[in-house]
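Residue numbers (the working numbering): 1 to 116. In this text, a Cβ means the ideal position worked out from N, Cα and C, and glycines have one as well. Fair warning: this is a prediction, and the values are worked out from it, not measured in the lab. A short worksheet on the structure shown next.
Structural data, given as structure tokens:
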């Protein structure tokens, strides 16, 4: 159950440090479960429902984020167009476009005093 939950928390991206903590069988299970979940998550039998989006009901549609991982490059958002994600830069973006990057640790959601 923990590996299944980890898959949804990380959107299928198993961090390298985590691979050293898990056994080979657990890593294999994670990857096979990810393949199965990914096959059905988008455009599968649920008519295009993205199971990776919004694990919890969003408090707001836009969130403030800071880029903490290098090499992300540009992303195209649904409402804001193309955005360059450089380390240290802060952005106010649609949650649905960046939530997977927050879960992966590439972006940090800001709030309170850290905000713009």
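Member of 80, 2, 88, 12 whose CA lies at the smallest distance from the CA of residue 36: 12
Helix, strand or coil at residue 104 [DSSP, three-state]: helix
Find out if the Cβ-Cβ distance for the pair residue 29, residue 3 is shorter than 7 Å. yes
C-beta contact flag for residue 109 and residue 68 at 7 Å: no
Which residues bound the beta strand (DSSP E) around residue 14? Taken as a continuous stretch (DSSP letters only), residue 14 belongs to no beta strand (DSSP E), as it is neither H nor E.
Tell me whether the beta-carbon of residue 101 lies closer than 7 Å to the beta-carbon of residue 77. no
Candidates 73, 70, 98: closest to residue 79 by CA position: 98
Taking residue 88 as the reference, which of 15, 31, 19, 71 has the closest Cα? 71
Where residue 85 falls: helix, strand or coil (DSSP): strand
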